[in-house]
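Protein chains in written order, with our numbering: chain A, 17 to 245; chain B, 17 to 245; chain C, 17 to 245; chain D, 17 to 245; chain E, 17 to 245; chain F, 17 to 245.
What follows is a short report on a single structure.
Protein chains: 6
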Amino acid sequence: MGNQEVGVVHTRIERPDSALVDQLRPFGVATVHEAMGGTGLMRPYMRPVFTAAGLCGPAVTVLLQPGDNWMLHVAVEQVRAGDVLVAACTTECEDGYFGELLATSLAARGCRGLVIDGGVRDVAALEQMGFPVFSRAIHSKGTVKSTIGSVNVPVVCANALVNPGDVVVADRDGVVVVPRERLAETVAASTKRDTNEKEKRRRLKEGVLGLDLYEMRGKLEAAGLTYLD
Amino acid sequence: MGNQEVGVVHTRIERPDSALVDQLRPFGVATVHEAMGGTGLMRPYMRPVFTAAGLCGPAVTVLLQPGDNWMLHVAVEQVRAGDVLVAACTTECEDGYFGELLATSLAARGCRGLVIDGGVRDVAALEQMGFPVFSRAIHSKGTVKSTIGSVNVPVVCANALVNPGDVVVADRDGVVVVPRERLAETVAASTKRDTNEKEKRRRLKEGVLGLDLYEMRGKLEAAGLTYLD
Amino acid sequence: MGNQEVGVVHTRIERPDSALVDQLRPFGVATVHEAMGGTGLMRPYMRPVFTAAGLCGPAVTVLLQPGDNWMLHVAVEQVRAGDVLVAACTTECEDGYFGELLATSLAARGCRGLVIDGGVRDVAALEQMGFPVFSRAIHSKGTVKSTIGSVNVPVVCANALVNPGDVVVADRDGVVVVPRERLAETVAASTKRDTNEKEKRRRLKEGVLGLDLYEMRGKLEAAGLTYLD
Amino acid sequence: MGNQEVGVVHTRIERPDSALVDQLRPFGVATVHEAMGGTGLMRPYMRPVFTAAGLCGPAVTVLLQPGDNWMLHVAVEQVRAGDVLVAACTTECEDGYFGELLATSLAARGCRGLVIDGGVRDVAALEQMGFPVFSRAIHSKGTVKSTIGSVNVPVVCANALVNPGDVVVADRDGVVVVPRERLAETVAASTKRDTNEKEKRRRLKEGVLGLDLYEMRGKLEAAGLTYLD
Amino acid sequence: MGNQEVGVVHTRIERPDSALVDQLRPFGVATVHEAMGGTGLMRPYMRPVFTAAGLCGPAVTVLLQPGDNWMLHVAVEQVRAGDVLVAACTTECEDGYFGELLATSLAARGCRGLVIDGGVRDVAALEQMGFPVFSRAIHSKGTVKSTIGSVNVPVVCANALVNPGDVVVADRDGVVVVPRERLAETVAASTKRDTNEKEKRRRLKEGVLGLDLYEMRGKLEAAGLTYLD
Amino acid sequence: MGNQEVGVVHTRIERPDSALVDQLRPFGVATVHEAMGGTGLMRPYMRPVFTAAGLCGPAVTVLLQPGDNWMLHVAVEQVRAGDVLVAACTTECEDGYFGELLATSLAARGCRGLVIDGGVRDVAALEQMGFPVFSRAIHSKGTVKSTIGSVNVPVVCANALVNPGDVVVADRDGVVVVPRERLAETVAASTKRDTNEKEKRRRLKEGVLGLDLYEMRGKLEAAGLTYLD
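Written out as structure tokens, the structure reads:
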């Protein structure tokens, strides 16, 4: 699987253990990103097209050409129930690659949603269908079907590397990519972080200060912070 | 009617057949734009100021000066029930040209909404009134009333040419302009496209692939697409 | 209190009369901004992270370093019930400085909300908590705690000067800063403006034109505006 | 000639009197724009790809599809000595539509330069050739040749309407469009303005203040300006 | 001197010791900014309109209204030889407030240059005159003269607070503001930093590594950095 | 070598055959990008900090933390004569990570230049030294040295994947990455393309039209292009 190779469709990809994906599902993007040591985030210009959108699943990847959505149709066939489709482009383009018809087709296959470094349209219909989409733009401009790209090659989407089978998590806080081989450790770290945060939240709610909870006062003094009355 | 001419108000414009406008109303921006062969779209930075906003109607046009909303007051008088007000500016400006008072005045005349290549304010009130506005920005900065522009001259709004009497359609997918003389053909083409899409949607929902529905497999092979196992 | 001085925390600030703050509370950002003669607005890139967010209260200010949220923890201790926290940064940075835990801590102290020229995360949780946040970005990227800044020094936030104790008002139309010493006059001017607008709104609703209500016809003619039939 | 009509090439356009074009040539964009009453400017994102670039001539227009430069080749044939090529696109696209080869071809026909609401490449070569180009981006990304657009239809380029035969002037201050039918009056107004400015420049250089030269003191006082010592 | 107060001209401001300004002059923006502890920078969108531009001098400040350059004419009279004019605006606006005529007038008074959070034009002439300008945009769009602002009040320009008499330094690296009362210490700290850097540069040029020069190896190891062969 | 792994320095990387790198050197970014089938480009926001900058060489990669240039010092030690340093960041940040001192150190090691998805400063000095830098911003804002990243791991820089040892080519047209294993074929394809273009350029210069040279007339007619007189 070459990097951003053009003209090929890999029909067989390694998906992660679905039980592990289900264990990752409850966690938000911020938690997962921190659990991975602060890596894996897409650019913050990737936004949900409707507020309630959220998704978690293994990636089928597609490399698009600018203003050309031909490969999305090719990609649909490679999607299995539970997958997320991740669409990158060889350059920046905000045209409307995706709308209600493609969403209908993906939903029919059990696809959990789309992450696309491009534009989409039929946003009201997508919300009504409850089909989650994260995109860089909302744009009605239609696309052509004339140049091929690839399916299931490694792609760079919104500045994040996505290999087919990596797990993609998206919510109102953004989109994060968990490499397949790091899934188990990320589930564990997310769980630990989440438990840890619950306890912190309880104490902060009671009025304990972060300055005390995190024992910051000494370090701040050492750094030279001065309190003036 | 000169192009972006400054200092004139045309009190008489040709509006399209209102029955035709009503026939266009059910269609979304993406459909109408495709029905016109992919033309007529405004820039995607034009967004509804509240989610449920939508409009369709003949344009009364106004050419504003930057940071100056004087001509909006002049334009109100030219608006008839069913019209949409389309405001362009001689340069880029995001100041808050428009708010609750002007919306009240336009609503009193039966105006269907505003499309403005500038900023607006009182957004919560606009939503409560149900007065649809599509703008490039939300901004409280007030404007002055010192330099004249024009009403009902051809204007370029968010990169689209709008002649008075053209029909403007806007929804969550953006804003599109239908030249008055192309309205009948656009209604026909939108209707045809919509019917066509309904049938496609039905088949895609059943699980038929776009690859088969659109008979793409041969063309993809001819283009050199390779499937690897 | 030096301007954007680094390394100090002022524990004592002068807050405005809380009765005056309560009198300002009903007014929207656009009204307050106009009442101050068109000054005090932050840049329009400052947006609520959920639609219903709104706030009004005296500012505790914090100067952050890029990608470093250490000083937010220091600032929490300086916040009293009714205050708004205003966070500026020594440079542009959209990382996620703030999320559910800090919001929990601020809410526990009766803080009315946050205005931050940076990014935030846990947006769904913030909405659920009803903790208002206005920010330049939504971003999951975490921050470090290694460099000190200041608390309660004058800061420039989104191009507006904010002194500790100034009153900050924010809603869907943006964010505006009322200098503490101008609070009384701004309440008076906002009240007057609001009363004035109610009467105007009533008349515009009845169909009176702004052209007549504001007596613009003569001035427009003097400016050379020509009506063509 | 329909507006932004797709699929046609008009081989016959009305060009302006070349003597008039030559009279306009010495004037800069700012002067011409003011001479036309503040209209006709393209968006300021249109920049010269090398500092010394400048052009003035009648427009041959071309409407491109995104990421597709096929129509540029069609347009070359319609260009005569002295013309400027103006390229608009049906949507926003920064791909590299144009480079050294097309510039060589245009130069061979006596073309005075290109104005394109898209990207270009081979910038060093363009500078070496002395072929002036004004574009929205510099980008190496290549384009395809698969979808037709139009030549010599009215286009909207960087928010300005350009009819074939309109005169386009570009320099380091931007790009301005002079409608063919307004060329004579614009030459006259530019000449007058230029003469006027020369005299003003002389007096300002001697130290006369604009406040006195333009007799502003009374108006400023009337507007309420207060001098404090 | 109220903050961003509208409608006043302060004719008397405290300028810093000109000998100190001369001592600051040799230092670049990056050095001065670091010497002040990382504060005082304007936003990086402020760019020189020609490459060789650079300036250093006490600020005469002006608060402009959007699209209105009236106050620039008022400000000229307050400028003395050696001053820099710093122009802020009550909102964001990229129109061309300033060109050759105003530059001629300022140069006649010995002004060292302009820093403006807006647009300028006649850029080629400015370069030819050698009059340094730092701006957020180059734009031909002209402005009106109808609304007053202020001269010599504190302003926020490109997110930096500038008090009249503060020293402004600008070069290809950006623009930085030195508060008048911090000038002496900033000259001293800049001198020290510069000397220090010269020695470092000498050693780095000889091939000594920063890792050794700054004794970083131990800290990196403590932070957990691992070298793999 | 894990993807964007944090906390490691790979001291041994495979560099490409230097003779092949030398053969690639004469070709521009546009040519190389086309020779690779339209892939490998960084985002067009990556610009040379001075016009004459250009570079070609194998990449040493570094993953930075936002606002923290510690790892640049670590990376310097891994650079050999002929290498290019490619710096990515875990998030978007425009601070000034790099200036004259680091450039001096890199130049002392024979480094051919820097490509950084961040800001740089001391731009005039870099030009004087003739040290090529391509960056997303010019910014004086200094950085800290407190959080580790990595050296010589695969990184995503300005949306392009860069593996250590890949060849990076940059000029006024942008930045492109040639995977090490595709270097030989890219040299061959670039050479072929370049030869091909020379012949085309010769013919276009003589006045042959692209329409004829590329035999487009039939295809355009088939696509429905209509010529109107």
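Glycine included, every Cβ here is placed at the ideal spot set by N, Cα and C.
Taking 8 Å as the cut-off, the beta carbon of residue 152/F is found no closer than this to the beta carbon of residue 124/F. Residue 77/D sits in a strand when the DSSP states are folded into three classes.
For residue 129/F, not one C-beta of chain D is nearer than 8 Å to its own C-beta. Cβ atoms of residue 101/E and residue 127/E come within 8 Å of each other, at about 6 Å. Residues of the stretch 79-93 of chain E with a Cβ closer than 7 Å to any Cβ of chain D, in chain order: 89, 90, 92, 93.
Cβ atoms of residue 95/E and residue 244/D stay farther apart than 8 Å, at about 17 Å. Note on the stretch 177-234 of chain A: whole beta strand (DSSP E) runs with a minimum of 3 residues are 183-187, 190-194, in chain order. Within the model, the alpha-carbon separation for residue 39/E versus residue 203/E is close to 7 Å.
Taking a C-beta distance under 8 Å as the contact criterion, residue 236/A and residue 216/A do not qualify as a contact pair. In this chain, the alpha helix (DSSP H) harbouring residue 119/E covers 116-124. Around the beta-carbon of residue 221/E, fewer than 16 other beta-carbon atoms lie within 10 Å, marking it exposed. Residue-level contact check: residue 60/E touches chain F, since one or more beta carbons of chain F fall below 8 Å from its beta carbon. By the C-beta density criterion, residue 170/B is buried, having at least 16 other C-beta atoms within 10 angstroms.
Ranked by Cα distance from residue 165/D, the options 90/D, 60/D, 70/D, 112/D are led by 90/D. A residue is called buried once 16 or more other Cβ atoms fall within 10 Å of its Cβ, and residue 20/F is buried on that count. Put simply, the backbone Cα of residue 140/B is about 21 Å away from that of residue 208/C. Taking a Cβ-Cβ threshold of 9 Å, the residues of chain A close to residue 45/B are 137, 156, in chain order. Taking CB atoms only, residue 232/F has a neighbour in chain D less than 8 Å away. In the three-state reduction of the DSSP assignment, residue 244/F falls in the strand class.
Assigned with DSSP and collapsed to three states, residue 156/B falls in coil, not helix or strand.
With 16 or more other Cβ atoms from the protein chains shown falling within 10 Å of its own Cβ, residue 119/E counts as buried. Contact check for residue 57/B and residue 107/D: beta-carbon distance about 7 Å, within the 8 Å limit, so the pair qualifies.
The count of Cβ pairs closer than 8 Å, one atom from the stretch 67-85 of chain E and one from the stretch 181-188 of chain E, reaches three, so the stretches are in contact. With a beta-carbon spacing of about 6 Å, residue 193/A and residue 184/A fall inside the 8 Å limit used to define contacts. A distance below 6 Å between beta-carbons, with the five flanking residues on each side excluded, links residue 143/D to the following residues of its chain, in chain order: 66.
Per DSSP, the unbroken beta strand (DSSP E) holding residue 130/E starts and ends at 130-136. Listed along chain D, no residue sits closer than 7 Å to residue 182/F by beta-carbon distance, the nearest being about 17 Å off. Within the stretch 27-60 of chain E, the alpha helix (DSSP H) runs of at least 4 residues that lie entirely inside it are, in chain order, 34-40, 45-51. The straight-line gap separating the alpha-carbon atoms of residue 195/C and residue 37/C is approximately 12 Å.
Here residue 211/C is exposed: its Cβ has fewer than 16 other Cβ atoms, across all protein chains shown, within 10 Å. Scanning its chain for C-beta atoms nearer than 6 Å, with the 5 sequence neighbours on each side dropped, one finds around residue 77/E the residues 102, 168, 171, 178, 180, in chain order. Per DSSP, residue 140/F is one residue of the alpha helix (DSSP H) stretching across 139-145. Where residue 172/C is concerned, the enclosing beta strand (DSSP E) starts and stops at 171-173. Contact with chain F is absent for residue 173/C, since none of that chain's Cβ atoms lies less than 8 Å from the residue's Cβ. Closest option to residue 225/B, judged by alpha-carbon separation, among 82/A, 47/A, 93/A, 27/A: 93/A.
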